[in-house]
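Student: Our numbering numbers the first residue of the sequence shown as 360 and each following residue consecutively.
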Amino acid sequence: MLTDLKLKRLKAVDGERRIEWDRGGLGVRIGERKKTWVFLYSFGGKRPMMVLGEYPLMSLTEAQSKASEARVKVKKGIDPASELKIEKAARQAAPTFEEMLDEFWNEELSKQKSGADRRRLILKDVIPVWGRLKVKDIKRRHIVILLDEIKQRSMSTRNHVHGVLSRLFNFAAERGVIEHSPCNGIRKPSEESRSRVLTDDEIKLVWAVLDVNNKKVDIYRVTKLALRMILLTGQRPGEVAGMAWDEIEGDVWTIPPDRLKTGKKKEPKSHKVPLCPMALETIEAARVLSSDCPYVFRSSYKEKSPVSRAALSRAVVRHLETMGLKEAFTPHDLRRTLRTRLAELGIDDIVAEKVIGHSLQGMAAVYNQHGYDKEKRSALEAWERRLRSIVGLDKPERAKVIRMER
C-alpha cells in the first residue's frame, strides 16, 4: 500500500521503469524523470492500463479517487480508457484555460529553468478567474482587466503574469487552438525604479525574523539564510540563490560569468565576493541543511536544486506583517540597503560598486583593470561591524570626548 512518504522515496532502479501497486488496480509507474499514476483493470476479456496523471501534480488521494471513479464505470460496462480518449479529443479541440496550462506545462514550461515558478504564478493569479473558461473565449478585454487588478498589488507581478500569458497564448495559437493571441497589442508598462532602503530599526526586525532558530516565523530555514546572505554581501538575489559549493574557496566566493547579470559581455569576467565572518557562519549553517546538494541554499521541494529567487520574494511578501514592517520591501532592496550603507560609511564609490558586482563604465572599464579585492574586503568588513551594531551583536562604539586644555 502506498503512502506519501513512500512515494517521495521511490526511485527508478538501474534506469528501469517499474510499477509500485496501491490497491484496486491503482499503481504508480516510476521512471528516471517522472512518476505516473496508472490504473489496471479487466474489460472485454482484456487487461488494459490507463494513465491517470503525474505525481506529485496529482496527489495520492486524488489518484485513489480517480481510480475509484474508473472502477465504478467498469462495473457499469463502460471502458474508462475509451471514454477518456473521447473526452480528451473534445478537450483538445476546445480546451479550457486550465487544460491549456497543463498542455503548455507538459510541452514547454516544465523544461524551463524557472518554469515551475511561472506555473505557480498562473495557478495563483489566473486559474481562479479563468480556469474553466474556454481558451477561444478569452478576449483581450479579459486580460486587460486581470492585469489591471494584479497591478494594484504589484507592477512587477503584473508584468511577470503578462509575460507568461503572452507565451501561453502564442503556444495555443501554434497548436491551432486559437487563430491569434489575445495578448497582441497589450503594452507591458515600465516599472518605476525602486529606492527602498531599510532603516536601522527595520534591519534589526528583519534580522531577528531571519534567525534559523526563530520558530515563530514559518519561513524555510534555508530561505532565511539566503536572505541574510543578500544583506551580508550585497549580491543579487538570483546570484545568492544559485550559490554553489564549488564557487566557494576559503573566504572567497567566485561567481562565474554565466551567472552574472553582466556576463553577456564579449570578455565576461567572474566576480569575487569576499566572505567575512558572518557570511561564513551563514554558509556553515546552510551546509548542515544542504545534505549532498551541490548548492549552498537547497530547494525545499526539488532535490539537487537551489532555492529559487521567486521563493525568496514570496517569503518576504508572506511574512511582511510578521516582521513588523509597515512598508513592503523586496530581496533586492536588501542589496540596495547594503550599497547605501557603504556610502554612509565613507566607502569610495568605485569600491562600493565593485562590491555589488557592477562594472566600471566608459574608458574606466578599459584602462582600470585593478581587481579591488583588498578594498572590497575592507568595505564588507566595515559593513559587518556596522550590521553587528545595528542588530545588537555588538554594542555601538561611543564617540570619544577629547578634553582641550586651556
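All C-beta atoms in this analysis are idealised placements derived from N, C-alpha and C, irrespective of residue type, glycine included.
Note that the coordinates shown come from a computational prediction; the quantities given were computed from them, not determined experimentally.
Roughly how many angstroms lie between the CA atoms of L468 and R747, to the nearest whole one?
Tutor: About 43 Å.
Student: Sort out for me which residues DSSP pairs E379 with in a bridge.
Tutor: V387
Student: Expressed to the nearest angstrom, what Euclidean distance is found between the alpha-carbon atoms of L527 and G474?
Tutor: 12 Å
Student: Classify L739: buried if its beta carbon has 16 or more other beta carbons within 10 angstroms, exposed otherwise.
Tutor: Counting every other CB atom within 10 Å of its CB across the protein chains shown gives L739 a total of 16 or more, marking it as buried.
Student: Touching or not, the segment 662 to 680 and the segment 595 to 610, by the rule of three or more beta carbon pairs under 8 Å?
Tutor: yes
Student: Kindly list the residues whose CB is nearer than 7 Å to the CB of R587, restricted to its own chain and excluding five residues on each side of it in sequence; keep chain order.
Tutor: L569, T641
Student: Between the beta-carbon of V387 and the beta-carbon of L366, is there less than 8 Å?
Tutor: Yes, these two residues count as a Cβ contact at 8 Å.
Student: Would V581 and S672 be called neighbours here (beta carbons separated by less than 8 Å)?
Tutor: no
Student: Determine the contact status of G593 and I749, defining contact as a CB-CB distance below 8 Å.
Tutor: no
Student: E375: which of E391, K735, L411, S650 sits nearest, CA to CA?
Tutor: E391
Student: Assuming V568 is part of the alpha helix (DSSP H), what are its boundary residues?
Tutor: For V568, the enclosing alpha helix (DSSP H) starts and ends at 559 to 568.
Student: Can you check which of these residues, T689, H521, S718, is closest to R555 by C-alpha distance?
Tutor: T689
Student: If you measure between the beta carbons of K498 and H521, is that distance less than 8 Å?
Tutor: no
Student: Tell me T787's beta-bridge partners as DSSP assigns them.
Tutor: Residue 787 lies beyond the range of the chain shown here (360 to 765); nothing can be said about it.
Student: Taking Cβ positions, are P653 and W604 nearer each other than 8 Å?
Tutor: At the C-beta level, P653 and W604 come within 8 Å of one another.
Student: Which residues bound the alpha helix (DSSP H) around T689?
Tutor: That residue, T689, is in no alpha helix (DSSP H); it is neither H nor E in DSSP.
Student: Check for me: the alpha helix (DSSP H) holding K472 runs from which residue to which?
Tutor: No alpha helix (DSSP H) contains K472, which DSSP labels as neither H nor E.
Student: Which of helix, strand or coil does DSSP assign to A532?
Tutor: helix
Student: Pick out whichever of S549, T696, E712, G490 has its Cα sitting closest to the Cα of R745.
Tutor: T696
Student: Confirm, please, whether the CB-CB distance from Y400 to A371 is below 8 Å.
Tutor: Contact: no.
Student: Strictly by DSSP, which residues pair up with E608?
Tutor: V611
Student: Quick check: what's the CA-CA separation for G404 versus D438?
Tutor: 12 Å
Student: Excluding the 5 residues preceding and the 5 following V478 in the sequence, name in chain order all residues of the same chain whose CB lies nearer than 6 Å to its CB.
Tutor: Checking the displayed sequence, the identity of residue 478 turns out to be Arg instead of Val. For R478, where only same-chain residues beyond five positions count, the Cβ hits under 6 Å are W464, L468.
Student: Considering only the alpha carbon of each residue, which of K685, L480, A448, E413 lies closest to I562?
Tutor: K685
Student: To the nearest angstrom, how far is the alpha carbon of L704 from that of D732?
Tutor: 18 Å
Student: Tell me the rounded alpha-carbon separation between V488 and R677.
Tutor: 21 Å
Student: For H700, count neighbouring Cβ atoms within 10 angstroms of its own Cβ and tell me buried if that reaches 16, exposed if not.
Tutor: The question names His, yet the displayed sequence has Arg at residue 700. Burial of R700 is indicated by the presence of at least 16 other C-beta atoms within 10 angstroms of its C-beta.
Student: Is V523 closer than 8 Å to L480 when the C-beta atoms are compared?
Tutor: yes
Student: Thinking just about the alpha-carbon of each residue, which of K483, L460, A585, M408 is nearest to the one in L385?
Tutor: Per the Cα distances, M408.
Student: In angstroms with no decimal places, state the Cα-to-Cα distance between A585 and T420.
Tutor: 34 Å
Student: In the structure shown, what three-state DSSP assignment does A603 receive?
Tutor: strand
Student: Could you check the C-alpha separation between E743 and E458 for me, to the nearest Å?
Tutor: 51 Å
Student: Mind reading off the beta-carbon distance from A638 to L591? Whole number of angstroms is fine, and I expect it under 8 Å.
Tutor: Their Cβ separation, rounded to whole angstroms, is 5 Å, which keeps A638 and L591 in contact under 8 Å.
Student: Assuming T516 contacts G490 (C-beta within less than 8 Å), just tell me the rounded distance between them.
Tutor: Not confirmed; about 19 Å, so no contact.
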